[in-house]
Structures are given as structure tokens and as C-alpha cells.
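The structure appears below as C-alpha cells.
In this note's numbering, the protein residues as written are 459 to 882.
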């Protein structure tokens, strides 16, 4: 059922990209070039250093903790039958703008190189007070790039991102990539035995949608490092208000009409050596497919760890990490990079692509391709400056069926061919 009409949809998707490419190319010309002096403070991170010793790899282990099935069943009984992504897409809250219609400041924040070939932005009024976070697509979810009949982008946002004690609210905009409409869903965690739910009270810096699961990073105030959501278990909110959870008269999701309750989480090994993922992406070039991540740390702290976990091949564990008999997931591969301002990671074959933020608030970042032999940055302009990347930090996600890398720059979602990185 899911793959019916796949080839027809692929033709439609190629036609859509051809129509929109001209729009994105036009707005790329609006990106502001930068002076060669900005390249002088960029340090070459050199080659990746493999981490193979137990002291390096054991702190990377995660322990899976499923939400009890009876909790999820009780929540469904109380809230009503869950719905899927298609239902959410049919219940739009708004639409993205084409790149040419985005505000000038959003267009200027796009990368100079590699140049965006597609770009869309959220409205200012729709995202006021929200901090942008991770991005993932149906290109991650399934190898043909579709979920049912739709091409879909999931865009993470956080309200009250700096609030203490878990009072921030993590949201996902579920975007129809064909007509650019989107609807909001709140990320939540079941509570009180499934009789209620609480918000995911931390910023969402990374997301990966793999098979029927959405994996989301958790912030430093949480004792878990990843949460897992089932996209077939989206619940409807029945009360429109600022509250989260059970309220008089029904269920509220802080203004969103849909809520995703977590179905599992991953806890890191205790101890100071256990890193917290700062961002995640999917690598379909490995066997099995794998989740890649980088270490969340403040700029200037020195080296950064990169590592990956294999996904499970068990048909009863779709979208979950491969674990041993006690539900522990070990790192399948780990490295260290001297790039200390990582804000996005992508791995494909033997290469790692790392986006770094600028050292100043209004400064462009850098994009590196790194492996165990060395590192190469993208360059732009007559002076071949290295600061060619997006201004705000940008997560990365490869839509493998099209070869496009999707990223974000503030309110703007944009894409470019992975091959263009090599050319620059």
C-alpha cells in the first residue's frame, strides 16, 4: 500500500524540483559575499582520529528504556485512536513561503557555497518566540523518499528554549514538501502510568526519522540523551490552550492540534566521560543503516567526538538502535575531530561532513569534508574564503534518493546537491 504509484510520484517530484530550482538559484544571488579576512581565523581540523580503545568507546554506550506498552495503550484509550502523518498533513496550520518571497535577512543567511537549489521559509509571525532545531525528511524515513503519497519534511522548533526545569516546549512542523503546507505537533513524554503526558522540556537540536520512528536529541537538563517517537502514534489534542496534558474537558498540546507521546528513550552511561549528542543524522551508505552524531559542547573546548550506532534489523524493532540482550547499544565507530564548533553532521561512505558556526553572531560558518586522511573546506569568492556556509547553525540531512542535502538557516529550509560540496 505504501509504495503504490512510486514511479509516478518520483516523476512528479523531479518535475517539482525542476520548477523550483530557478527560484532558489535566483535567491542565491542575494547571498552576501564576505571578505578574505574572515578566513584567517579558521583552523584546519586535519584528519579524523579513530577512537578504538575501551576507555574511548564504552562511555558512548546507550541503554534503551521502552515506555511500558500499557502506558501507551491507556493514553490511546483516553485520547482516542492514534492517527498517522497523512492525517496531520491534511490538517494544515499554515504554509511555507518560496525562497524569493522570504525576507531579505533570511535570504542573506543562505550559504554562498554550496549554493542552495531549493529554499523555503516559515513566516515571522508563525515562529516568533521559537528557536529552530533539527531537520529530517521522508528521504530518511524510506529509501524511495516518500511516506505514503507524500514527500515530507519534519522541522524541529523549541519554545522557551532557555527556560529552566524542563519548561521549554519542543514542537515539530510536519511539512508537505509538494504543496508546502504544514501542521504543528507537540513532542511529549507519557506520565503517571499513561494517564497524562508532559512536554519534552529541552531544545531539539537533532532529529532523524527512520522507518516508523522519529529519534530526537534531548538537552542537558534531561537524564536521557535521545527520545523515540512512533509516527503512527500521533494523538489528537482536544482542547486549545497553553497547557500541556490532561486538562478539564480533554487534552491540550500548548496550542498544537497534535501530540506525539514518546515510546522509548536512551540513557547514556553514567559518568563525566559520557557525551551528549548535539545533533544526529542518518547514514544509509553503511550496512546496516546507522545513526551518526557529534558531541554537544561549547565552542573553544577543544576536540569533538563523532560516532555512530547501527540500527536494528529486527522487524519487531523497526526504527530502533541495535542492542544486546540487556538493551544496550554500543558505538559501531568513533572518531575525534579538532573542529570544535560543530553544529551539523552528515556521514556518507567514508566521508564526514561537518558544519561549523561562525565565531561572531553575524558571521558565516564553515562546511568541511573530513576523513582519516585530512579535511577540505568549501571555498567561495575570488579570495577563496572559507566562511561560505550558512550564518545560523545548520543541521544536515541527506535525501538519498535525490542526492540532496537538506539543512536550515534560522527560519529557512534549504537544499543543495551533495556533489556540489566536492566541486567547491
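Note that CB positions come from ideal geometry on N, CA and C, so glycine has one too.
All values reported here derive from a predicted model rather than from experimental measurement.
- For a cut-off of 8 Å, the C-beta gap from residue 821 to residue 845 is around 7 Å, short enough to register as a contact.
- For residue 654, the enclosing beta strand (DSSP E) starts and ends at 654-657.
- Pairing residue 616 with residue 591 gives a Cβ-Cβ distance under 8 Å.
- Listed as beta-bridge partners of residue 665 by DSSP are 674.
- Rounded to the nearest angstrom, the gap between the Cα atoms of residue 566 and residue 771 is 43 Å.
- For the 8 Å CB-CB criterion, residue 780 and residue 769 form a contact.
- Assigned with DSSP and collapsed to three states, residue 705 falls in strand.
- Counting the other CB atoms within 10 Å of its CB gives residue 763 a total of 16 or more, which places it among the buried residues.
- Distance between residue 842 and residue 570, taken at the CA atoms: about 11 Å.
- Taking 8 Å as the cut-off, the beta carbon of residue 848 is found closer than this to the beta carbon of residue 823.
- With fewer than 16 other Cβ atoms from the protein chains shown falling within 10 Å of its own Cβ, residue 808 counts as exposed.
- Take residue 835, set aside five residues on each side of it, and the residues of its chain with a beta-carbon closer than 6 Å to its own are 824, 826 and 844, in chain order.
- If one requires a minimum length of 3 residues, the beta strand (DSSP E) runs lying completely within the stretch 833-862 are 854-857, in chain order.
- For residue 541, same chain residues with a beta-carbon under 7 Å away, outside a window of 5 residues either side, are 692 and 694 in chain order.
- Residue 821 is not bridged by DSSP to any residue.
- Taking C-beta separations shorter than 7 Å and ignoring five residues to either side along the sequence, the partners of residue 549 in its chain run 641 and 715, following chain order.
- By alpha-carbon distance to residue 515, the top candidate from 767, 738, 743 and 646 is 767.
- Residue burial annotation: residue 698 is exposed, with fewer than 16 other C-beta atoms found within 10 angstroms of its C-beta.
- Judged by their CB atoms, residue 724 and residue 683 are nearer to each other than the 8 Å cut-off.
- Unbroken beta strand (DSSP E) runs of no fewer than 3 residues, entirely contained in the stretch 598-629, are found at 610-617, following chain order.
- Under DSSP, residue 579 forms a beta bridge with 555 and 870.
- Rounded to the nearest angstrom, the gap between the Cα atoms of residue 726 and residue 523 is 11 Å.
- In this chain, residue 733 is not harboured by any beta strand (DSSP E), its DSSP state being neither H nor E.
- Residues of the same chain with a CB within less than 7 Å of the CB of residue 525, apart from the 5 flanking positions on each side, are 648, 720, 721 and 722 in chain order.
- Shown here for residue 601: same chain residues with a beta carbon closer than 8 Å to its own, the five before and five after excluded, namely 742, 858 and 859 in chain order.
- Look at residue 747 here: in three-state DSSP terms it is coil, with no helix or strand label.
- Distance from the CA of residue 512 to the CA of residue 867, rounded to the nearest whole angstrom, comes to 37 Å.
- With a contact defined as Cβ atoms closer than 8 Å, residue 612 and residue 792 miss out at about 27 Å.
- In summary, residue 666 is buried, with 16 or more beta-carbon neighbours lying within 10 Å of its beta-carbon over all protein chains present.
- Between the C-alpha atoms of residue 880 and residue 688 there is a straight-line separation of about 36 Å.
- DSSP lists 655 as the beta-bridge partner residues of residue 648.
- Residue 738 and residue 677 have their alpha carbons spaced roughly 13 Å apart.
- When rounded, the separation of the alpha-carbon atoms in residue 732 and residue 520 is 9 Å.
- Apart from the 5 residues on each side of it in sequence, residue 751 sits with its Cβ closer than 6 Å to the Cβ of 735 and 738 in its chain, given in chain order.
- Apart from the 5 residues on each side of it in sequence, residue 632 sits with its Cβ closer than 7 Å to the Cβ of 543, 546, 547, 610, 612, 640, 641 and 643 in its chain, given in chain order.
- Cα atoms of residue 696 and residue 608: separation of roughly 26 Å, rounded to the nearest angstrom.
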